[in-house]
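Sequential numbering of the sequence shown, starting at 3, is according to this note's numbering.
One structure is given here, and the rest of the page talks about it.
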Amino acid sequence: MATNPLEPGPFGEAPIFDVEGFAAIRDRIDGVICATSGGFDPIHPGHASCLLASKDHVERTAGVRPDLLVVIVNGEGFLRNKKGAAFQDLRTRAQIVACLRGVDVVVTYESETDMTVEGALRAIRPRFFTKGGDRTDMTNIAEWPLGQEIGFEIVTGVGRDKDWSSSDMLARWSGLARNGEV
Numbered sequence: 003m004a005t006n007p008l009e010p011g012p013f014g015e016a017p018i019f020d021v022e023g024f025a026a027i028r029d030r031i032d033g034v035i036c037a038t039s040g041g042f043d044p045i046h047p048g049h050a051s052c053l054l055a056s057k058d059h060v061e062r063t064a065g066v067r068p069d070l071l072v073v074i075v076n077g078e079g080f081l082r083n084k085k086g087a088a089f090q091d092l093r094t095r096a097q098i099v100a101c102l103r104g105v106d107v108v109v110t111y112e113s114e115t116d117m118t119v120e121g122a123l124r125a126i127r128p129r130f131f132t133k134g135g136d137r138t139d140m141t142n143i144a145e146w147p148l149g150q151e152i153g154f155e156i157v158t159g160v161g162r163d164k165d166w167s168s169s170d171m172l173a174r175w176s177g178l179a180r181n182g183e184v
C-alpha cells in the first residue's frame, strides 16, 4: 500500500476533509485513487454496495487495484436543489460514510449551485471515478466531460442495481407522518 499522510479517526473511521483541506495534502498522497460520490441522504443498500464494491469493480474491469477510495459527500446545497432540503446535515452524513468498511477518505463538497462534483474531482485528481445504480454513460453522468479533460476513467455498474431511492424513502416517511401513522 502506498504511504500517505492520512490518519484514521479515534474509532478507526476514515478521515474527513473539505475540498480545500484535501487539496492541501493531495500532493503528499501516493497510490491509485478511486473516487465515488453521493448525497447519502439517507444512505441505503445501493450506496453501501457501491462503496464496498468500488475497488474490486475497478480491479476487475480496469485491471488496476486502487489504493484509496475517496468518497465525495455532496453538500446541503446539492440536496436543496435536488429534493428541496437535506434530511441529515453534511457533517452527519460524512461521519456515517467515514465509518463504512472500504472507505479510506471522505471529502465533503458544498456548493449552492454546482449539481456535479467537478470541483471535488479537480482537487482529488483520481485515476478512477465509480458510479452505481442508474448512472451509466455520458448521457447521465455530468462529470463525464471532466474525466476526458483531466484524465480519470469513469467506471459504471458498481454495486447493486438501482432498487432504492433516498427521495422515495423520505417521501414515504413524510406521508406516514402526515397521516398520523407514525
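From the three backbone atoms N, C-alpha and C, an ideal C-beta is built for every residue, glycine too.
Since the structure is predicted, the reported quantities are computational estimates derived from the model, not experimental observations.
Please state if the CB of residue j and the CB of residue i are separated by a distance shorter than 8 Å.
i      : j      : result
Val60  : Phe130 : yes
Val119 : Val73  : no
Ser113 : Gly65  : no
Gly54  : Arg103 : In the sequence on display, residue 54 carries Leu and not Gly. Going by C-beta atoms, Leu54 is nearer than 8 Å to Arg103.
Ser56  : Leu70  : no
Val2   : Gly177 : The requested residue 2 is not part of the displayed model; the chain covers only 3 to 184.
Check the DSSP bridge columns for residue i and list the partner residues they point to.
i      : result
Ala37  : Val72 and Phe131
Ile126 : According to DSSP, which records beta bridges pairwise, Ile126 is partnered with nothing at all.
Val108 : Ile18 and Val73
Ile143 : For Ile143, which the question treats as bridged, DSSP gives no partner whatsoever.
Ile156 : Phe131
Could you tell me how far apart the beta carbons of residue i and residue j are, in whole angstroms, since I believe they sit closer than 8 Å?
i      : j      : result
Glu145 : Leu123 : 6 Å
Ile126 : Ala37  : 5 Å
Val34  : Pro68  : 5 Å
Ala16  : Val109 : Contact doesn't hold; Cβ gap of about 10 Å is too wide.
Ile98  : Phe42  : 7 Å
Note down, in chain order, each residue of its chain lying with its Cβ closer than 6 Å to the Cβ of residue i, except the 5 sequence neighbours on either side.
i      : result
Ser51  : Gly161 and Arg162
Phe24  : Val109 and Ala125
Ala173 : none
Gly40  : His49
Pick from the options: whose alpha carbon is nearest that of residue i?
i      : options                         : result
Asp116 : Leu102, Val99, Gly79 and Lys133 : Gly79
Pro44  : Lys85, Ala179 and Leu148        : Lys85
Thr63  : Tyr111, Gly40, Thr132 and Asp91 : Thr132
Arg28  : Pro128, Ser39 and Asp91         : Pro128
Ala26  : Ser39, Leu8 and Gly40           : Leu8
Closer than 7 Å by C-beta to residue i: which residues in its own chain qualify, once you throw out the five before and the five after it? Chain order, please.
i      : result
Asn83  : Met117
Arg137 : Ile143 and Thr158
Gln90  : Asp43 and Pro44
Leu148 : Glu120 and Leu123
Could you pull out every residue in the same chain whose Cβ sits closer than 8 Å to the Cβ of residue i, ignoring the five residues on either side in sequence?
i      : result
Phe13  : Cys101
Asp139 : Trp146 and Thr158
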